[in-house]
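Q: Mapping of the sequence shown onto the numbering used here: residues 11 to 296, in sequence order.
By construction, the Cβ of each residue, glycine as well, lies at the ideal position given by its N, Cα and C atoms.
Keep in mind it's a predicted model, so treat the numbers as computed, not measured.
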Amino acid sequence: MRARTTPDDSGPAMGEMAGKTRFDDIYDRPDPRAYFRRLAPFAYEIPQHAQGVFRRTLAERERSAPPGTGGERITVLDLCCSYGINAALLNHDLTLADLYAHYTGAEADRLTAGELLERDKEFYAARRRADAVRVVGLDTSAEATAYALAVGLLDEAYAENLERVPPSPGLVRALGRVGLVTVTGGVGYVSHRTFDALLEHVRLPLWVSAFVLRTVPYDRIAARLAAHGLTTTTDPERLYPQRLFTGPEEQRDAVARVLATGDDPTGLEAAGRYYTRLYESRPRAA
Numbered sequence: 011m012r013a014r015t016t017p018d019d020s021g022p023a024m025g026e027m028a029g030k031t032r033f034d035d036i037y038d039r040p041d042p043r044a045y046f047r048r049l050a051p052f053a054y055e056i057p058q059h060a061q062g063v064f065r066r067t068l069a070e071r072e073r074s075a076p077p078g079t080g081g082e083r084i085t086v087l088d089l090c091c092s093y094g095i096n097a098a099l100l101n102h103d104l105t106l107a108d109l110y111a112h113y114t115g116a117e118a119d120r121l122t123a124g125e126l127l128e129r130d131k132e133f134y135a136a137r138r139r140a141d142a143v144r145v146v147g148l149d150t151s152a153e154a155t156a157y158a159l160a161v162g163l164l165d166e167a168y169a170e171n172l173e174r175v176p177p178s179p180g181l182v183r184a185l186g187r188v189g190l191v192t193v194t195g196g197v198g199y200v201s202h203r204t205f206d207a208l209l210e211h212v213r214l215p216l217w218v219s220a221f222v223l224r225t226v227p228y229d230r231i232a233a234r235l236a237a238h239g240l241t242t243t244t245d246p247e248r249l250y251p252q253r254l255f256t257g258p259e260e261q262r263d264a265v266a267r268v269l270a271t272g273d274d275p276t277g278l279e280a281a282g283r284y285y286t287r288l289y290e291s292r293p294r295a296a
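1) I need the straight-line Cα distance from Glu260 to Asp141, nearest angstrom please.
2) Classify Gly277 as buried or exposed, calling it buried when 16 or more other Cβ atoms lie within 10 Å of its own Cβ.
3) Check whether the stretch 209-223 touches the stretch 59-79, taking contact to mean three or more Cβ pairs, one atom from each stretch, closer than 8 Å.
4) Apply the 10 Å Cβ neighbour rule to Pro51 and answer buried if 16 or more other Cβ atoms are within range, or exposed otherwise.
5) Could you say which of Thr31, Leu148, Tyr250 and Gly189 lies nearest to Gly180 if we only look at CA atoms?
6) In whole angstroms, give me the CA-to-CA distance for Val226 and Phe133.
7) Is the stretch 246-256 touching the stretch 202-212, taking contact as three or more C-beta pairs under 8 Å?
8) Are the beta-carbon atoms of Thr192 and Asp88 separated by less than 9 Å?
9) Please list, in chain order, all residues of the same chain as Pro258 whose beta carbon is under 8 Å from its beta carbon, the five residues on each side excluded.
10) Residues in its own chain within less than 8 Å of Gly186 by CB, not counting five upstream and five downstream?
11) Just to confirm my understanding: we take Val222, look at its own chain, exclude 5 residues before and 5 after, and list those with CB closer than 7 Å. What are they?
12) Taking only three categories from DSSP, how would you classify Thr244?
13) Less than 8 Å between the CB atoms is what I'm expecting for Asn171 and Thr150, so what's the real figure, rounded?
14) In the DSSP assignment, find the alpha helix (DSSP H) that holds Leu205 and state where it starts and stops.
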């Protein structure tokens, strides 16, 4: 899920998410315990669906490396990374259910933030996969990205808002090694402006793997990706549940937005959950 935005954020991206419940406070903490406690009742699950997709896409992306590159592994940029959940699932022998249990149990409740951080360093190190890849995290939340960096989930972390300002020199440098961008909950909070800022500085052939709510249009982002030589595809029949609605008002807004796109919410949003589509963007030559 996307981390918090600054209070005066505005523009098309924020308007697309106007009817969606905000969880700003759970990203302004030194650790992800509040994140998992708040989202558990709503069965937030999209990172688990993304785990297998991102691992397969990463493997395909690395196999596509041009001859003569020496087999050097690419870097993944996780956009709207929050506490590094996608990185945890990509690079560790863990499920999302494991993370819910880890952060909502009685033992976690008894620990200070500092004690939890030290426990988490050991927790993730013990479960690190042999094929783990370098991950850079980008999010507006300094607290969330600092945690993910401190416990070793992210190799680099940048708390920046590319909707408003250009990327920092450090992020520009990191983008030079990025070959895959992943995102599970940020589209709609970030727009084509963020993707333009990223694409301006990538140096390797870039793939993008984005899970996008059916309530949010992706056409403008796809158009900007196309302008940078990427072709975007999706399977309109393959949907992935994100979470339960927080109440009738959020559901009514989602149903109305899905109908406005020409899609049918019957049995999906009308039955009580947000659903996403997976958009895959790759260079035309691929």
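A: This is what the structure holds:
1) Their backbone Cα atoms lie some 40 Å apart in a straight line.
2) exposed
3) Touching, yes, given that three or more Cβ pairs across the two stretches are closer than 8 Å.
4) exposed
5) Leu148
6) 36 Å
7) They do not touch, by the three-pair rule.
8) yes
9) none
10) His211, Val212, Arg213 and Leu214
11) Around Val222: Val197, Tyr228, Thr286, Arg287 and Tyr289.
12) Thr244 carries a strand assignment under DSSP once its states are collapsed to helix, strand and coil.
13) At roughly 5 Å, the Cβ-Cβ gap stays under 8 Å, so Asn171 and Thr150 are in contact.
14) Checking the sequence, you will find Phe at residue 205 rather than Leu. Taken as a continuous stretch (DSSP letters only), the alpha helix (DSSP H) holding Phe205 covers His202 to Leu209.
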